[in-house]
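*Asks:*
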Amino acid sequence: MAKDRFHNIVRNALEKEGWKITDDPYEINVDDVDFEIDLAAEELLVAEREGRKIAVEIKSFISPSNVSEFHTALGQFLNYRDALETIEPERLLYLAVRLPVYETFFQRKFIISAVEKYQLRLMIYDVEEEVISQWL
1 MAKDRFHNIV
11 RNALEKEGWK
21 ITDDPYEINV
31 DDVDFEIDLA
41 AEELLVAERE
51 GRKIAVEIKS
61 FISPSNVSEF
71 HTALGQFLNY
81 RDALETIEPE
91 RLLYLAVRLP
101 VYETFFQRKF
111 IISAVEKYQL
121 RLMIYDVEEE
131 VISQWL
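Following UniProt numbering, the numbering of the sequence shown begins with 1 at its first residue and continues without gaps.
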């Protein structure tokens, strides 16, 4: 699959925060269905001496319809989360969204409701600074 336009920016932002990218892309198979999540990363928590594992699906929301992109992103997120729960339940899935998209489109009541209803974990990234602005 083609990488998202901001793939490398998100990867750099994660690395700046101390995450080790373990897979790019993260390919998994569940019951003969192949999935390809954009990134997988691990972070060592020194105090607990165990690592946190995440997978990140990156979305740019640059098409003419943010609603259409949200439909696609939500469907992918739900399928990927179900697949991860089957093969690697300790790995948390995040949907990476650009800061301006989060500050506008993701503040609409319907989108807020959908994020809550489907328990989406969001990682908000800043393209200009190449940093993670928020983890939600």
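A virtual CB, placed ideally from N, CA and C, is assigned to each residue, including glycine. Since we're looking at a predicted model, the values are computed, not measured.
(1) Can you name the residues that DSSP bridges to Arg11?
(2) Check for me: the alpha helix (DSSP H) holding Leu78 runs from which residue to which?
(3) Nearest to Ile58 by alpha carbon, out of Glu129, Ser133, Met123?
(4) Nearest-angstrom Cα distance between Val127 and Pro89?
(5) According to DSSP, is Val30 helix, strand or coil?
(6) Measuring only the C-alpha atoms, how far is Arg49 from Trp135?
*Replies:* With the given structure in hand:
(1) Here residue 11 is taken as the residue at index 11 of the sequence shown, counted from 1. Its beta-bridge partners do not exist; DSSP assigns none.
(2) Taking the sequence shown and counting its residues from 1, one reaches residue 78 at position 78. Looking at the DSSP string, the run of the alpha helix (DSSP H) that includes Leu78 is 66-87.
(3) One-based indexing of the sequence shown puts residue 58 at position 58. That would be Met123, whose Cα lies nearest to the Cα of Ile58.
(4) Locating residue 127 in the sequence shown gives position 127, counting from the first residue. Locating residue 89 in the sequence shown gives position 89, counting from the first residue. Rounded to whole angstroms, Val127 to Pro89 spans 30 Å at the Cα level.
(5) Looking up residue 30 in the sequence shown gives position 30. Note: Val30 maps to strand in three-state DSSP.
(6) Along the sequence shown, one-based indexing puts residue 49 at 49. Along the sequence shown, one-based indexing puts residue 135 at 135. Because Arg49 carries a pLDDT of 49, less than 50, the predicted location of this residue cannot be relied on, and the following value inherits that uncertainty. Rounded to whole angstroms, Arg49 to Trp135 spans 22 Å at the Cα level.
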